[in-house]
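Residue numbers (my numbering), protein chains in the order written: chain W, 1 to 434; chain G, 1001 to 1103. Even for Gly, the Cβ is constructed at its ideal location relative to N, Cα and C. Here the structure is a predicted model, which is why all the values come from computation and not from measurement. Worksheet for the structure shown next.
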């Protein structure tokens, strides 16, 4: 059996795999990319927000051809109780700039576009091909992959695993352990279609302006999680996600949570009359720095969700995916240039470069956040309620004097959480944030 | 504690949600299997609620059964029941399974 030999095999055609493959093909390397879906994007799910900076560093003029929905001019952060929200909104005309920094996208369309750029750059893409195993030499070094297609093994000098959150190839090969239920969130999402004018009116938008709403509070029933609403051109993406461990402990159906969120009095009017065209579910690796696996070895590198590269606090993931994919590609291209093998020792350069970028700096900064957020019942239930009560007390004009109102609010917080509890939460929060 | 709870959530049939999706089902070759068992673990039992596609149900004699046709390949069941060894989880064969139009 003679197998065709490639410089690099990339497993997966999501943002990290496409970033890696594009970078390598542009560097003139012979790259084979394998995707199990019928087309790139057919298995992929995201909110979805595209952060321009990460893509600009790969394809500077992406705005000329990429399928972008709306650029984000307003961010709303909502704390919900059962009937209200306390919100912080930031809207700025400054975001109506020539090169906006954030866009809403539809991943199935965006991934197809990205993949076309990858192929135009000279890489070979093979879809409908599930990688089933890593091929190793006698010394244990990864030298290729096996797939569910006939035709034997595919060989390469290095394999880049951009296989997404489930990462079955790396897991079954012993490169990393199974995800912990407390380190991963299950998110469900629906696509609600509405006429563009209706979306513009409901969210006070014009042209291609878009709004992002991130919500937390009693909607997750005390579980660690968040919900979101993103405006696209002619649709609204609505979703909610909670830690898998919390959902399992509570025996909770995520689609029931989604239904409750859609029916919240603050959300329902935004979706009224819409037509649902898709329902999706996906895992998000949210364990942060401490849940990250080994990132490289003899003949292999891991990028994107498979490497647990998600900043849950800032809702960033696809930008980390593209950045790690690009840096992995650059590292391999650099080694190739010097005719150096992709050995474990040489691939240490990959993590050295990651350390220099925002990727590892941010992962490290929030290394204590997941454990702070996990099982933080007050944050996801009590505080949203107290805040809403406080706001209502404050804004109602009902003959009660202001000093009494102030006292009432302070008492509600003390009764709800006790003074030491309040200070303790603030202290823990500050420590995890630092 | 929370005022809202399971009882208060709007009832919804997950089938009506899955109806919107496109699938290419690999007939006769399910990519997830539940191993024969006498009594399901708490984790396996929880899948009858937690699976976002409602693939898991409680069958005869309190055993958990799966019909994976509506599976969205999220991996939640593998994360929960991989360690208990009660299920076997693979990706569908290349090209089969869920086909997202929007993602």
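Starting from residue 1025(G), find everything on chain W with Cβ-Cβ shorter than 8 Å and list it in chain order.
Ordered by position in chain W, no residue passes the 8 Å Cβ test against residue 1025(G), which lies about 13 Å from the chain.
State the Cα-Cα distance for the pair residue 43(W) and residue 106(W), rounded to the nearest angstrom.
13 Å
Thinking residue 317(W) and residue 23(W) are a contact (beta carbons under 8 Å), I'd like their distance in whole angstroms, please.
So it is not a contact: roughly 19 Å between Cβ atoms.
For residue 307(W), I'd like the list of residues in its chain whose CB is within less than 7 Å of its CB, leaving aside the five on either flank, ordered along the chain.
292, 293, 295, 324
Would you please verify whether the beta carbon of residue 1057(G) is less than 9 Å from any beta carbon of chain W?
no
Assigned exposure category for residue 274(W) - 16 Cβ within 10 Å defines buried:
buried
Alpha carbon of residue 247(W) to alpha carbon of residue 1076(G), nearest angstrom
10 Å
Hey, out of 422(W), 140(W), 116(W), whose CA is closest to residue 344(W)'s CA?
140(W)
Mark residue 169(W) as exposed unless 16 or more other C-beta atoms lie within 10 angstroms of its C-beta, in which case mark it buried.
buried
Of the residues 1067(G), 1013(G), 1019(G), 1056(G), the one placed nearest residue 1029(G), counting alpha carbons only
1067(G)
I want to know whether the stretch 1090-1103 of chain G touches the stretch 123-134 of chain W - three or more CB-CB distances under 8 Å.
yes
Do you know offhand how far residue 392(W)'s Cα is from residue 215(W)'s?
19 Å
With a threshold of 6 Å on Cβ separation, who are the neighbours of residue 48(W) within its own chain once the five nearest residues in sequence on each side are excluded?
105, 107
For residue 427(W), report the span of its alpha helix (DSSP H) as first-last.
419-433
Close-in-space but distant-in-sequence residues of the same chain around residue 311(W) (CB under 6 Å, 5 per side omitted):
362
May I ask you to list, following chain order, the residues of the stretch 7-18 of chain W that have a beta carbon less than 7 Å from some beta carbon of chain G?
none
If residue 188(W) and residue 285(W) are in contact, beta carbons under 8 Å, what's the gap, nearest whole angstrom?
So it is not a contact: roughly 16 Å between Cβ atoms.
Quick check on the DSSP output: the beta strand (DSSP E) that includes residue 339(W) runs from which residue to which?
That residue, residue 339(W), is in no beta strand (DSSP E); it is neither H nor E in DSSP.
Under the three-state reduction of DSSP, which class applies to residue 1(W): helix, strand or coil?
Confidence is the limiting factor: at residue 1(W) the pLDDT is only 48, short of 50, which leaves the residue's position unreliable and the question unanswerable from this model.
Whole runs of the alpha helix (DSSP H) within the stretch 1044-1090 of chain G, excluding any shorter than 4 residues
1076-1081
On a CA-only basis, which of 165(W), 161(W), 351(W), 185(W) is nearest residue 11(W)? Give me that one, please.
161(W)
Using the Cα positions of residue 76(W) and residue 388(W), report the straight-line distance between them to the nearest angstrom.
16 Å
Nearest by alpha-carbon distance to residue 26(W): which of 5(W), 40(W), 15(W), 59(W) is it?
59(W)
What residues in the stretch 1036-1047 of chain G bring their beta carbon closer than 7 Å to a beta carbon of chain W?
1043, 1046
Let's test the definition: count the other Cβ atoms within 10 Å of the Cβ of residue 1003(G) and tell me whether it reaches 16, buried, or not, exposed.
Note that residue 1003(G) scores 48 on pLDDT, short of 50, meaning its location in the model is unreliable; the coordinates nonetheless yield the value given after this. Exposed.
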